[in-house]
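*Asks:*
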């Protein structure tokens, strides 16, 4: 059977798998991103792992797609990724292609890969204009318009996490202030809870919670805890406002929410949708609907990276 | 010779002309948008005017492009345009096509038409990712990504004027607060001058100016008037910040400035570029360059609308 490989390179682990044209995950595996200090050894391990998956089952590998932080589609490099062990600009796509006799290898950042996965295998099938946002350790986005991923002239488009929502807001790791990421990432969300607990003596389940995490705050909100619900309300306000501005510029039909905070479901969707609707220009009223990614419970990272290979290396255009 | 017609429908006048494939304006004319109270009579007058231009010079009319406020590319309608004499949703493209034996007629909003004009005949030739912003009575934008105009799922994308730059800011005619348009349109710019004059007794040439307009404020700034220069600084701050957020999401290679305020040249470009650069994520640093539209001194409205016809009715794809 014809397959593409999807690889998701994270700071700790690299997960990879073989995916058929219709999104069937045929086999998957993983290896440590950091165990081999030399990039060449890591790549050799990765190539060996992929060949193991292929085995002698008669699959034909047509292409490889990679999702990686700071991945650039245009030149196939990973550039200065703060959470990966390799410094500088790494021509990862071409280095991996060398190990597979010049097989087509495409690379992009993880949010773009997720958007492609949603388009090929998830809730965005048939949609030409949509946005996918990731609310995890950071905040990222993949924008599809006119049916195509918008990469920008340099391959770095989609940095919704660094849209500023408050010009006098929280300091961001990027050196600026008030970036959406400082509020709508999981760490930003937890920080909001911590600040609310410190600012007021109001009773809250969170005061007895040994560790504040996205999970524990969600559980408290689920149990009706007022302070935890306020954390979602504040996060939804920042996110909804940023999305209202995004809608004014690009008018997507649907907005998919992905990543850790998306697991909170209606707790995050409801306030975000409300603030989005309240801040949307009348001609867009009620149009852009938020929903949780349909790939959240599947192996989304592998599917998204494989979608990149099917879409851009093989050319399985819908 | 093969020509397309370009029509720009404004609140007062409709200007129209015949344009060759390479952007040569062959003939032009205009008529009042409001003189005939009936839409049918207006359209008959417009058709007669176009036929007059064609005359018996042997031109072959291949298509008609229309730029109009609230124009929607997908269905060829003008919807609830506040400054046009026709209420409701007007299927203008099909009504005009009927008067030209079904000739292809395409319609979009004026900022999108200007972006297409820039792409086919102006400074954006060869660029696949750019933004054009109009700073006039209102603020609008046309976004081109992957070489194509981004219309959004409903045809209304590009409303940069209604991106909010200050959530506690000026009331906007759209019913919300702090829209970019309330600061970076010509009326918003004049309002900033008026507010500064009222807020401080500092000496300024503008105190002796009989009428505050974009022109008179520019002239004072040109003469070194500190208060007038501050008006440009404030306007550039709001605009530069909104553009920094736009760059994070779409990463255009160039940003063209069009419309009344663009005539101020470096006076508006310099502070806007500075605030854009200061507020841009490091990976975008120094990339998105602002410049004045190359069509400002040509008949841009007609060229833009004709570009729409050449691009989407005839299919002169580059």
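Residue numbers (our numbering), protein chains in the order written: chain B, 688 to 1005; chain R, 688 to 1005.
Glycine included, every Cβ here is placed at the ideal spot set by N, Cα and C.
Remember, it's a predicted structure, so these values are computed and weren't measured experimentally.
Could you compute how far the alpha carbon of residue 1004 of chain R sits from the alpha carbon of residue 860 of chain B?
*Replies:* Per-residue confidence for residue 1004 of chain R stands at a pLDDT of 42, beneath the threshold of 50, marking its modelled position as unreliable; no derived number is given.
*Asks:* Kindly say whether residue 850 of chain R, judged by its beta-carbon, lies nearer than 8 Å to any beta-carbon of chain B.
*Replies:* Yes, its Cβ sits closer than 8 Å to a Cβ of chain B.
*Asks:* Restricting to Cα atoms, I'd like to know which of R:812, R:962, R:926, R:802 is closest to residue 845 of chain R.
*Replies:* Among R:812, R:962, R:926, R:802, the Cα nearest to that of residue 845 of chain R is on R:802.
*Asks:* Does any C-beta atom of chain B lie closer than 8 Å to the C-beta of residue 938 of chain R?
*Replies:* Yes, residue 938 of chain R counts as interfacial toward chain B.
*Asks:* Can you give me the C-alpha to C-alpha distance between residue 704 of chain R and residue 843 of chain R, rounded to a whole angstrom?
*Replies:* Straight-line Cα distance between these residues: approximately 26 Å.
*Asks:* Considering just the uninterrupted stretch of the beta strand (DSSP E) at residue 750 of chain R, what are its terminal residues?
*Replies:* Segment 747-754, the beta strand (DSSP E) holding residue 750 of chain R.
*Asks:* If you scan the stretch 927-1003 of chain B from start to end, which runs of the alpha helix (DSSP H) of 4 or more residues do you find wholly inside it?
*Replies:* Those alpha helix (DSSP H) runs which fall completely within the stretch 927-1003 of chain B and span 4+ residues are 953-965, 987-995.
*Asks:* Could you pull out every unbroken beta strand (DSSP E) segment of at least 3 residues lying fully inside the stretch 815-849 of chain B, listed in chain order?
*Replies:* Segments of the beta strand (DSSP E) lying fully in the stretch 815-849 of chain B: 817-822, 826-832.
*Asks:* Closer than 9 Å, Cβ to Cβ, to anything on chain R: give me those residues from the stretch 824-842 of chain B, in chain order.
*Replies:* So the list reads 828, 830, 832, 833, 835, 836, 837, 838, 839, 840, 841, 842, given in the order they occur along the chain.
*Asks:* Listing by chain order, which chain B residues have their CB less than 7 Å from the CB of residue 773 of chain R?
*Replies:* Per Cβ cutoff of 7 Å: no residues; residue 773 of chain R is ~17 Å from chain B at best.
*Asks:* Among B:754, B:903, B:857, whose alpha-carbon lies nearest the alpha-carbon of residue 798 of chain B?
*Replies:* Ranking the options by Cα distance to residue 798 of chain B, first place goes to B:754.
*Asks:* State buried or exposed for residue 895 of chain B, treating a residue as buried only when at least 16 other CB atoms are found within 10 Å of its CB.
*Replies:* Exposed: under 16 other Cβ atoms inside 10 Å.
*Asks:* If you draw a straight line from the alpha carbon of residue 747 of chain B to that of residue 716 of chain B, how long is it in whole angstroms?
*Replies:* Distance between the alpha carbons of residue 747 of chain B and residue 716 of chain B is about 18 Å.
*Asks:* Does the beta-carbon of residue 854 of chain B have 16 or more other beta-carbons within 10 angstroms, so that it is buried, or is it exposed?
*Replies:* Result: exposed.
*Asks:* In chain order, what residues of the same chain have a beta carbon less than 6 Å from the beta carbon of residue 718 of chain R, not counting five sequence neighbours either side?
*Replies:* Correct list, in chain order: 701, 732, 736.
*Asks:* Distance check for residue 957 of chain R and residue 697 of chain B, CA to CA, integer angstroms please.
*Replies:* So the alpha carbons of these two residues sit roughly 41 Å apart.
*Asks:* From the DSSP output, read off the bridge partner residues of residue 715 of chain R.
*Replies:* R:704, per the DSSP bridge assignment.
*Asks:* Determine the burial state of residue 911 of chain B: buried for a count of at least 16 other Cβ atoms within 10 Å of its Cβ, exposed for fewer.
*Replies:* It counts as exposed.
*Asks:* Throw me the rounded Cβ distance for the residue 642 of chain B and residue 693 of chain B pair, which I believe falls under 8 Å.
*Replies:* No information on residue 642 of chain B is available, as it lies outside the stretch 688 to 1005 that chain B covers here.
*Asks:* Could you tell me whether the stretch 950-967 of chain R touches the stretch 801-819 of chain R, where touching means 3 or more Cβ pairs closer than 8 Å?
*Replies:* They do not touch, by the three-pair rule.
*Asks:* Using alpha carbons as the reference points, say which of R:783, R:773, R:899 lies closest to residue 915 of chain R.
*Replies:* The candidate whose alpha carbon is nearest that of residue 915 of chain R is R:899.
*Asks:* For residue 694 of chain B, list the residues DSSP reports as bridge partners.
*Replies:* Answer by DSSP bridge pairing, in chain order: B:703, B:753.
*Asks:* Identify the contact partners of residue 971 of chain R in chain B, using a Cβ-Cβ distance below 7 Å as the criterion.
*Replies:* By Cβ distance, chain B contributes 843.
*Asks:* Is the separation between the beta-carbon of residue 970 of chain B and that of residue 923 of chain B shorter than 8 Å?
*Replies:* Not a contact, by the Cβ cut-off of 8 Å.
*Asks:* Run through DSSP, which three-state label would residue 877 of chain B get?
*Replies:* Residue 877 of chain B: helix per DSSP, three-state reduction.
*Asks:* Using DSSP's beta-bridge definition, name the partner residues of residue 759 of chain B.
*Replies:* DSSP, once it has assigned bridges, lists B:764 as partnering residue 759 of chain B.
*Asks:* When DSSP labels each residue in this structure, what does residue 793 of chain B get in the three-state scheme?
*Replies:* Here residue 793 of chain B sits in strand by DSSP.
*Asks:* Is DSSP giving residue 1005 of chain R helix, strand or coil here?
*Replies:* In this predicted model, residue 1005 of chain R has a pLDDT of only 40, less than 50, meaning its place in the structure is not dependable; the value taken from the coordinates is given anyway. Three-state result, residue 1005 of chain R: coil.
*Asks:* What residue range does the alpha helix (DSSP H) around residue 782 of chain B cover?
*Replies:* Its alpha helix (DSSP H) spans residues 779-785.
*Asks:* Since residue 867 of chain R and residue 852 of chain R are thought to touch, with beta carbons under 8 Å apart, how far apart are those beta carbons, to the nearest angstrom?
*Replies:* Indeed they touch by this definition, with Cβ atoms about 5 Å apart.
*Asks:* Between which two residues does the alpha helix (DSSP H) harbouring residue 903 of chain R extend?
*Replies:* Note, residue 903 of chain R: alpha helix (DSSP H), 901-909.
*Asks:* Is any beta-carbon of chain R found at less than 8 Å from that of residue 764 of chain B?
*Replies:* Output row for residue 764 of chain B: interface = no.
*Asks:* Straight-line CA distance for residue 699 of chain B to residue 779 of chain R?
*Replies:* If you take the alpha carbons of residue 699 of chain B and residue 779 of chain R, they lie about 58 Å apart.
*Asks:* Could you check if residue 728 of chain B is buried or exposed, using at least 16 other CB atoms within 10 Å of its CB as the buried criterion?
*Replies:* Residue 728 of chain B should be labelled exposed.
*Asks:* Could you tell me the alpha carbon to alpha carbon distance between residue 807 of chain R and residue 825 of chain B, rounded to whole angstroms?
*Replies:* The straight-line gap from Cα to Cα measures roughly 39 Å.
*Asks:* Report the rounded CA-to-CA distance for residue 848 of chain R versus residue 858 of chain B, giving the unit in angstroms.
*Replies:* Approximately 27 Å between the Cα atoms of the pair.
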